[in-house]
Structure formats: C-alpha cells, structure tokens
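*Asks:*
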Amino acid sequence: MSFQAPKGTFDWLPPRSEQVLAIREALAAPARLAGYGYVETPVFEDTQLFARGVGESTDIVSKEMYTFPDKAGRSLTLRPEGTAPVVRAVLQHGLHNGRLPVKVWYSGSQFRYERSQKGRYRHFWQVGAEALGAEDPALDAELIVLGARGYSSLGLTGVRLLVNSLGDKTCRPAYRAALQAFLRGLDLDEDTRSRVEINPLRVLDDKRPEVRAQLTGAPLVADHLCPACKAYHEEVRSLLGAAGVAFDDDPRLVRGLDYYTRTTFEFVHDGLGSQSAVGGGGRYDGLSEMLGGPPLPSVGWALGVDRTYLAMEAEGLLTDTEQEHVQVYGVPLGDDARRRMFLLVDELRRAGVSADMAFGGKGLKGSMKGADRSGARFALILGERDLAAQAVQLKDLTTAEQTEVPLAQVADILKGKVQ
Ligand code: AMP
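Using the working numbering, the final residue of the sequence shown is 400, and nothing's skipped along the way.
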C-alpha cells in the first residue's frame, strides 16, 4: 500500500507551489516596507504557552491541539497560531526593552486538529505581523492597511474588511455582565451554557442557526464602549477612511478572550463558501501579562495563505502557470560528454543562465524529447566529435536553427541571447 498525506493535509506541487510562494511574499511585503522585521520561532512550544496564550476555553486549546510528550516527558504542542510564540520570543529576548513598538512578521505552518473541508485544513500556512508595546490607533490602522494592501497587491478585489471594538478593562466587564444576563435567558445546550459563564463573547460567534436565531436581540459591545474606547475606535475608523481602505462595521465580530481589547477585524472573501475568513487580527493588550511579562499593549494579524490562494482561484487570478522553465538544456552523448556537460551547466548557472541537462543516458532521441519538455529555448548538444573540437552544437528550439560554438565561449554567447 502506498502512503497518503495525513487527513486534512495536502501537498503543494509545481507549478501551483510557485504561486503559493509568491502569495506568501506578497502578503508579507507591505509589512516589510513598514519596518517589520522577520522572526522565526520553533514549530513546537511548551503546551502551557498556548493554554495560557490562546485560552483554555477556546476550541483551539480544548479540542484542536497536536499535543505530545517528548522523550523527557515535557508536554509540547505543534503551534496552532503565531501570536503567543511571538510574544514569548519578544519577552524571552527582552526585545521590548528596546525601541517600541517592536514590529515583527512571520510566515509559517500552523496545526489545528479541525474537521477538514475545503479551506479548513489541519496543516495550513499563515503570514503574520505583530506590533508590540504601543497603544496608538494609528498602529491598529497601520496593520489593517498593510493587510489590505497585501491582498490588493495580488489583484484581489473581493476581500471585504470587517471591524469592531471589544472595549477594554473599563467598559468590558459591564458589557460582559449584560451579555451574560441576556444569554442566560436563552434556550441553549449544556456546553453553550457553560460557555456563557466562562467566555460569553464567544457565544456571539456561534455559527449554528438555532443559536444564531436567538442572538438577534443580544446587547452589542458598541453600545457599551467607554468614552476612551469610543474615541480610540473612531480614530482607527477615520484613519482607515483617510487611507482609502473600505470597511464595514460588524458589531458581532468578537475574539472571546479577556486579553483581546479594543480593535478587532477580519478580512473575508465571499467566493469561499463557509470558510470565508482570509485573515484576521486585533489588539491584545493583556496577553504579555498573561504570559508573565510586563504590560505590553499590542496589535497584530494573521493572514491565511491557503485561503488567499482559494480566493485568487475564485476570482480567476490564477492563470495556468506552467512549470518553471529553464532557458538551456544540455544533451550529452556518451560518458565523456556527460562529464563535460555537467561542468558546462554549472558554468551557465553561475553566469545566471538557468540550465538543466539530460540524465539517465537516454541517447539523442530521448534527450531531445527531454529538451522539448523542459520548455528551454536552447539545447546544447555535445557529442564525441564536438568534444574533440572543443565545441558544442547550439540549437535554437523555436527555429530549429543549429550552430557550432566554441565551448569556451558558450556561456558568454548564451548570456547575451537569453537576457
Ligand atoms: P486565526 O488564527 O484563527 O485568527 O486565523 C487567521 C487566518 O488563518 C484565518 O482568517 C484563515 O484565513 C486562516 N486559517 C485559520 N484556520 C485555518 C485552517 N484550519 N485552515 C486553513 N486556514 C486557516
């Protein structure tokens, strides 16, 4: 029996894999231009980092983590998200003792044991950006604008931005209590009733129709914001407007944990069916303290690369790219020629000309077929007689025109022809 990729995972293969690389680059490019520095954290972390940094009451922590003991009995978890690891790294290395905000971006695999379906995988890729150590509506707006610019640079026109504010330490408790009072009066199953007690904001995010139908009259955080939170949110909205980034207010957009404060946002795409979120983020002023650090008001986002790919597909932006072509293809005839061709393709590559050669001793006919398949513009045919003459046959595969050129000059000649 042959092996299959595990359930909920898949392989990126050429030529689509080239597009996914380009998407990762495009989503990160605006943040890099804004002074965000690259960080890479381990793929696994201490399980407690996520239990505290994502929250015990979330689906991610309670149901979806890939947790395992290492050989010394430590509990480790494959990262389900990038923010907690970034905050851990910033605190561990004291980056917050330097210039603030600390601005970083990352790109990497995330792992969640979810029910897999189109757009929802157990192994997926996010590009993320975080700005730590500043409370400033311009910073929230900056991040949102950078996310929006990433999508538009890919040609996407169907990405919608939803924004909301969750309030802060001052106004959230009263809102939470009002929401709980409302939710306790509903007809909910046991699990949801216990969520009302631990994490009532998350109930607003429930996708089940029977729950949604009951939420129509739920109190909205927007009606409970304190003046400071209201002013902060107005400023974020006004900066987005000034930057020409369109958005919709979504008073039901929530992140359920206490250390998420004020700005929250999501990028959605309507061509993706039920998994419509292509990216999201928000302010998490309390997270550093939850992880044992000092107060470090911060904001960030994570953009889903796989779903961005699907959004581009839905908008017809993925033209059938062909396999990455080489420019030149070597056809050696015989063992001596193969040794010389091996050196010649190396020389070409060092000169910046992309080159491949026939492997496996195929003979002239088979090798020329390889040259055609490679998509190369030129073939270099090297036989025993050519070797003796220190020359090689240069064949233009589009015109079939063939000329003999000295081996010593072939790199220079080709460099001129392919540029
Ligand atoms: P989150 O970390 O849950 O806020 O997710 C941020 C973004 O990552 C989402 O908007 C999605 O685009 C993407 N994402 C989250 N979970 C998955 C998943 N299971 N499969 C594919 N993409 C995902």
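Beta carbons are placed, not taken as given, at the ideal position from N, Cα and C, and that holds for glycine.
Checking 8 Å against the spacing of the C-beta atoms, do GLU385 and GLN374 come in under that value?
*Replies:* Yes. Within cutoff.
*Asks:* If you compare alpha carbons, which of PRO276, GLN161, ASP40 and ILE125 is closest to GLY114?
*Replies:* Nearest of PRO276, GLN161, ASP40 and ILE125 to GLY114, Cα basis: PRO276.
*Asks:* Looking at PHE105 and the ligand AMP, is the gap between the Cβ and the nearest heavy atom below 7 Å?
*Replies:* Flag set: Cβ of PHE105 near the ligand AMP.
*Asks:* Hey, could you find the ends of the alpha helix (DSSP H) VAL363 is sitting in?
*Replies:* The amino acid occupying residue 363 in the given sequence is Leu; Val does not appear at that position. Where LEU363 is concerned, there is no enclosing alpha helix (DSSP H), although the beta strand (DSSP E) it sits in stretches over 359 to 363.
*Asks:* Grab the span of the alpha helix (DSSP H) containing PHE323 for me, first residue to last.
*Replies:* That run of the alpha helix (DSSP H) goes 316 to 331.
*Asks:* Are the Cβ atoms of PRO181 and GLN195 separated by less than 8 Å?
*Replies:* Contact flag unset, no.
*Asks:* Per DSSP, SER56 is paired with what?
*Replies:* Answer is PRO50.
*Asks:* Between the Cα of ASP402 and those of ALA357, ASP172 and ARG153, spot the shortest distance and give me the residue it belongs to.
*Replies:* Given that the chain is displayed from residue -18 to residue 400, the structure contains no residue 402 and the question cannot be resolved.
*Asks:* Would you tell me roughly how many angstroms separate the C-alpha atoms of TYR156 and VAL202, rounded to the nearest one?
*Replies:* Approximately 6 Å between the Cα atoms of the pair.
*Asks:* Whole-angstrom Cβ separation of LEU147 and VAL42, contact assumed at under 8 Å?
*Replies:* 19 Å between Cβ atoms; not a contact.
*Asks:* Just to confirm before moving on: does the CB-CB distance between SER255 and LEU268 stay below 8 Å?
*Replies:* Cβ distance not < 8 Å, so SER255 and LEU268 don't count as in contact.
*Asks:* Under the rule that 16 or more other beta-carbon atoms within 10 Å means buried, what is SER56, buried or exposed?
*Replies:* SER56 is exposed by the Cβ-count criterion.
*Asks:* Pair every Cβ in the region 77 to 96 with every Cβ in the region 4 to 17, then say whether three or more of these pairs are closer than 8 Å.
*Replies:* Taking 8 Å as the limit for Cβ pairs, the verdict is that the region 4 to 17 does touch the region 77 to 96.
*Asks:* Would you kindly report the start and end of the unbroken alpha helix (DSSP H) that includes VAL286?
*Replies:* Note, VAL286: alpha helix (DSSP H), 286 to 295.
*Asks:* Tell me whether GLY89 sits in a helix, a strand or coil according to DSSP, three-state version.
*Replies:* The answer is strand: DSSP assigns GLY89 an E or B state.
*Asks:* Using 10 angstroms around the beta-carbon of LEU(-6), count the other beta-carbons present and answer buried if the total reaches 16, otherwise exposed.
*Replies:* LEU(-6) comes out exposed.
*Asks:* Roughly how many whole angstroms lie between the Cα atoms of ARG69 and ARG5?
*Replies:* Cα to Cα, ARG69 sits roughly 23 Å from ARG5.
*Asks:* What three-state label does DSSP hand HIS104 in the structure shown?
*Replies:* In this structure, HIS104 counts as strand in the three-state DSSP scheme.
*Asks:* Quick one: using the 10 Å Cβ neighbour count with 16 as the cut-off for buried, is PRO118 buried or exposed?
*Replies:* It counts as buried.
*Asks:* I'd like to confirm the pairing. Which residues does DSSP put opposite SER146 in its beta bridges?
*Replies:* Per DSSP, THR244.
*Asks:* Out of PRO387, GLN98, LEU14 and LEU167, which one is the CA nearest neighbour of ALA110?
*Replies:* Of the listed residues, the one whose Cα sits closest to ALA110 is LEU14.
*Asks:* With DSSP collapsed to three states, give me the class of ALA372.
*Replies:* Residue state, collapsed to three classes: strand.
*Asks:* Quick one, which of ARG218, TYR241, VAL184 and LEU72 has its alpha-carbon nearest LYS150's?
*Replies:* The option with the nearest alpha carbon to LYS150 is TYR241.
*Asks:* Short check: CB of ARG(-3) to CB of VAL24, under 8 Å?
*Replies:* No. Outside cutoff.
*Asks:* Decide if PHE105 is buried, meaning its Cβ has at least 16 other Cβ atoms within 10 Å, or exposed.
*Replies:* Buried, by the Cβ-count rule.
*Asks:* How about MET322 and GLY315: are their beta carbons less than 8 Å apart?
*Replies:* Contact flag unset, no.
*Asks:* State the Cα-Cα distance for the pair ARG33 and ASP266, rounded to the nearest angstrom.
*Replies:* Each residue's alpha carbon lies about 14 Å from the other.
*Asks:* What does TYR19 pair with, by DSSP beta-bridge criteria?
*Replies:* TYR19 pairs with TRP86.
*Asks:* Hey, would you say ALA357 sits closer than 8 Å to LEU378, going by beta carbons?
*Replies:* Their beta carbons are under 8 Å apart, which means ALA357 touches LEU378 by this criterion.
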